[in-house]
Amino acid sequence: MEQYLQKAILEALTKMGVSGDQIPEIQIETPRDPSHGDAATNVAMMLAKPLRNNPRKIAEELVSTLKTDSSRIEAVEIAGPGFINFRYSDSYLYNELTDLLKEGEDFGKSSGRKGIKALVEFVSANPTGPLTVGHGRNAVLGDTVARLLEWTGADVHREYYFNNAGRQMRVLGQSVRARYLQELGKDAELPEGGYEGEYIRDIAKKLIDEHGDSLLNAEDEKVFKESAEAAIFEEIRKTLERMNIRMDSFFNEHTLYENGSIDNVLKVFREKGMAYDEDGAVWFKTTEFGKDKDTVLVKSSGEPTYRLPDIAYHANKLERGYNLCLDVFGADHIDTYPDVLNGISVLGYDKELVDVLVYQFVTLVKDGKPFKMSTRKANFVTLDELMDEVGEDVTRFFFLMRSPNTHLEFDVAQAREAGEKNPVFYLQYAHARIQSILRKVHETSDRSGESNLSLLTHDSEITLIKKLLSFPDAVELSATHREPHRLITYLNELASTFTSFYHDCRIMGVEEDLQQARANLAAATARVLKNGLRILGITAPDQM
RNA sequence: GCGCCCGUAGCUCAACUGGAUAGAGCAACUGCCUUCUAAGCAGUAGGUUUCAGGUUCAAGUCCUGACGGGCGUACCA
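Heads up: take any position in the first sequence, counting from 1, add 302, and you land on our numbering.
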């Protein structure tokens, strides 16, 4: 429809003798106030200046030369300072609704991103402990944006990047060893900055079950580290699974050392004069890109900083043929992003192919006051604990309902009591309610499928149809901005529009043809709710 | 100090990236269950969009400055 209108307007403008370079981009938008029509354009106002004419005058001329098909557009009006409003004809709505019902579980899918091979990298928490509420936002955002990209035609790969070689992991192994020794009655203390969580003790106990005290004389923390990593990753995988998230691959940073990618980055950087040695360290000339200081790539100890593998990793992704690399990370990592982009462009890759979704922090509110979480200090709420309290659907919904760009206040107490009056239930309830009605309709009537949709003439019915038809737009908008909360806003509006219809128009007990038409309208609503919830990774129960 | 993000109803947040009268949900108040799920609906109240300038037909949205908050600003990840 949008394209149809753009084309019609363009033709009319040309006919009016407006030259091509004067014609602005023709914007079609949905007015906030439905009484203004179903679509509107502001071209007349945009043209006011170049044509040196009153916008309303331009609008009048445009409307009189504009040609539209009456089976699609019923009325064209001029309003306000020079808006041109279009009202869809009912026959157009009925045709579209018929298509919606036909498309069923595919309604809302589009092919705009066909040809895009996307790699979405998210979670990427090192295996030092269970996933916490802090990781939850990352995980759910990443997965949902991946789903949005899939729905709009992209081919999506989900990847979890981790590093099991750093200092963190060494301390983890030492912590497990300390607990192992303690469990066997030996004198041992956690290392400086060791992990204090109870799960460390569990891993140590498991080691005793499997190996008895045979590890007492283990040379280093290696065996402890490895078993801790395996155990923790197993837990992480289960947690993700529970949240409806399945990774396609786990990428170990170590690979980049083994296959020479790291060395290659340094080599190319040196060749291009973008890296140099000083004070025993290797530096990246980030000042060339406008930063205050150059950045260390390899410490004087010989150990790389995390920026070096980050650059190599992104080059690796592009090397694998992805033409969209989407990173999901918290605002605290924002500063590394330019370094990575500059790094890969030094290597000759197109940095436009890398995109980033930054989300603001989750402020955990416990006992009415915010508190800092720390995996190391065992001062955290795990995602599993959260899901035990409020359920998987509520957990996903909660992380998605706010713009990624704003701080998310997570009140644990409130989440606990969320139960009945949680916003996610509003959507699920609407769906369940429709299913219940449809079950009853089927019991009392043999008729199914075909119906005369043109019997749907009540204001509430027309409003609902229009809302349903804008679902693909909501998906697309959500996908382009990488902002799932836009879809949630849409679904809330849809559910609300439906309940108004539900109160205004009875489905059962009216004349049979009308009953059938309304049943189909309700079925279409259930369909859209279900499709939307599927994108969010939330269930759409048939009963509640 | 410098960089990034934010500041909207009592609270938590929207506002289709510059459009028409700034909207929802909680919380408060008033109605509505002998008929399809009241986990609901209809309504009332609540605002100088932190402040001051600027840009233009039009600013919550863009630019400048101030104030307030968050996060960075490591040879930590």
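Here a beta-carbon is modelled for each residue, glycine too, at the ideal position from N, C-alpha and C. Keep in mind the model is a prediction, meaning the values are calculated, not measured.
- Remark: C-beta atoms of His760 and Asp806 approach each other more closely than 8 Å.
- By the Cβ rule, the stretch 432-444 does not count as touching the stretch 409-421, because fewer than three pairs are nearer than 8 Å.
- In this model, Phe388 and Glu785 are separated by some 29 Å (Cα to Cα).
- Asn707 counts as exposed, since fewer than 16 other beta carbons sit within 10 angstroms of its beta carbon.
- Put simply, of Asn519, Ala520 and Gln476 the residue whose alpha carbon is nearest the alpha carbon of Arg503 is Gln476.
- Here Val320 carries a coil assignment [DSSP, helix/strand/coil].
- The beta carbon of Phe526 is closer than 6 Å to those of Gly475, Val478 and Arg479 in its chain, skipping five residues each way along the sequence.
- Proximity of the stretch 481-493 to the stretch 453-467 falls short of the contact definition, fewer than three beta-carbon pairs being nearer than 8 Å.
- In the three-state reduction of the DSSP assignment, Phe526 falls in the helix class.
- Apart from the 5 residues on each side of it in sequence, Ser393 sits with its Cβ closer than 7 Å to the Cβ of Ser373 in its chain, given in chain order.
- In terms of Cβ geometry, Gln484 and Asn428 do not form a close pair [threshold 8 Å].
- If you ignore the 5 residues before and after Ser705, its C-beta comes within less than 7 Å of the C-beta of Glu785 and His787, all in its own chain and listed in chain order.
- In its chain, beyond the 5 residues on either side, Val478, Ala530 and Ala533 have a beta carbon closer than 6 Å to the beta carbon of Ile505.
- Boundaries cannot be given for His635, as no beta strand (DSSP E) includes it and DSSP labels it neither H nor E.
- In the three-state reduction of the DSSP assignment, Lys601 falls in the coil class.
- Closest by C-alpha distance to Lys317, out of Ser366, Ser337 and Ile328, is Ser366.
- DSSP places Thr801 in the helix class (H, G or I) of the three-state scheme.
- Selection Arg481, Glu379, Thr638 and Phe631 evaluated against Asp612 yields Thr638 as nearest (Cα-Cα).
- Counting of Cβ neighbours within 10 angstroms places Lys619 among the buried residues, the total reaching 16 or more.
- Boundaries of the beta strand (DSSP E) harbouring Ala342: Ala341 to Thr343, taken from the DSSP string.
- Rounded to the nearest whole angstrom, the CA to CA distance from Leu816 to Asp844 is 24 Å.
- Counting only residues of its own chain and dropping the five nearest sequence neighbours on each side, Arg449 has a CB closer than 6 Å to the CB of Ile837.
- Rounded to whole angstroms, the Cβ separation of Glu555 and Met576 is 22 Å, and the two are not in contact under 8 Å.
- Residue nearest to Tyr396 within the set Leu610, Gly496 and Ala819 is Ala819 (criterion: CA-CA distance).
- Comparing alpha-carbon positions, the option among Pro352, Lys508, Asn833 and Gly382 lying closest to Ile325 turns out to be Pro352.
- Taking C-beta atoms as the reference points, Met689 and Arg544 count as a pair closer than 8 Å.
- Segment contact: the stretch 762-780 against the stretch 821-834, three or more CB-CB distances shorter than 8 Å; contact assigned.
- CA-CA distance, Asn724 to Gln737, rounds to 21 Å.
- For the stretch 387-412, there is no continuous beta strand (DSSP E) assignment of 3+ residues that stays within its boundaries.
- Cβ-Cβ distances below 6 Å link Val642 to Asp612, Ile613 and His616 in the same chain, with the five nearest sequence neighbours on each side left out; the list follows chain order.
- Residues His459 and Arg460 of the same chain have their beta carbon placed closer than 6 Å to that of Asp550, with the five preceding and five following residues left out of the count.
- With contacts defined as CB atoms closer than 8 Å, Asn344 and Ala350 fail to qualify as a contacting pair.
- Within the stretch 420-464, the runs of alpha helix (DSSP H) at least 4 residues long that lie entirely inside it are, in chain order, 435-453.
- Distances from the alpha-carbon of Leu610 to those of Cys627, Asp634 and Val648 put Val648 closest.
- Under the three-state reduction of DSSP, Tyr559 is assigned to helix.
- Between the alpha carbons of Leu755 and Glu398 lies a distance of about 11 Å.
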